[in-house]
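The numbering used here numbers the first residue of the sequence shown as 71 and each following residue consecutively. No residue lacks a Cβ here, since even glycine has one placed at the ideal position from N, Cα and C. Before any comments, here is the structure.
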Amino acid sequence: NNLYESKAEQQEREIVLMELSKLVKDWVRDVAVSQGMPEPDASETGARIFTFGSYRLGVNGPSADIDTLAVTPAHINRQRDVFGMADPNSGVRQVPANVLVERLRANHHAESIVAVPDAYVPVIKMAYRGVEIDLLCASLAMNRIPADLDILDDHVLRNVDEPTQRSINGVRVTDAILRLVPNISNFRTTLRAVKLWAKRRCIYS
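Written out as structure tokens, the structure reads:
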């Protein structure tokens, strides 16, 4: 029923996620430097890309999009640094070179970029190397993002605004499901079957 993607498609998605991770880390570092942080310290602030939804659950089909979340340190402001809007506190705008949306627009691999800063869950929609991506951003109340960040730790929700909480929830729910099911392989096969059943009866989503 064409429910599984090929190995080549899987590898292409992995390349996309690796490139996105590097792009986000470079952006987070450059914003820190622009705020006066020394380069070595700025390079240590870190960022993480998490996936969620069908891709993270391991049940995505060919040409399915990837739901992604960029987790950043506290010095990143969503409106100013992600979307290039005026800082709500100071009214200052970020220089375009340090705005995530503008960096993506300057990247020849990124196409059809649509920024939706005022959505219930703010999102950047795009195609990267032909792979559809929904990119959310969450700035945590942390000076640096460790490589082993546990997204299910309730401490990550401390002192963050509601859009950030909503952005994180997709990843937290997906990871909680994978930790709770007794047999992930059986779960994935069953979920693929349920999705196919629902789509054929026009009740999917």
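- Counting other Cβ atoms within 10 Å of its Cβ, Trp97 reaches 16 or more and is therefore classed as buried.
- Contact between Val169 and Asp151 is confirmed by a C-beta separation of about 6 Å, below the 8 Å threshold.
- Approximately 6 Å separates the beta-carbon atoms of Leu206 and Val193; this is inside 8 Å, confirming the contact.
- Here Arg199 has Val86 and His179 as same chain residues with Cβ atoms under 6 Å from its own Cβ, once five neighbours each way along the sequence are excluded.
- In the displayed model, Arg148 falls within a helix according to three-state DSSP.
- The DSSP-derived three-state label of Arg118 is strand.
- Counting C-beta pairs closer than 8 Å gives fewer than three between the segment 245-262 and the segment 230-237, which falls short of the contact rule.
- In the displayed model, Ser209 falls within a strand according to three-state DSSP.
- Excluding five sequence positions before and after Ala268, the CB atoms of its chain that fall closer than 7 Å to its own CB belong to Tyr274, given in chain order.
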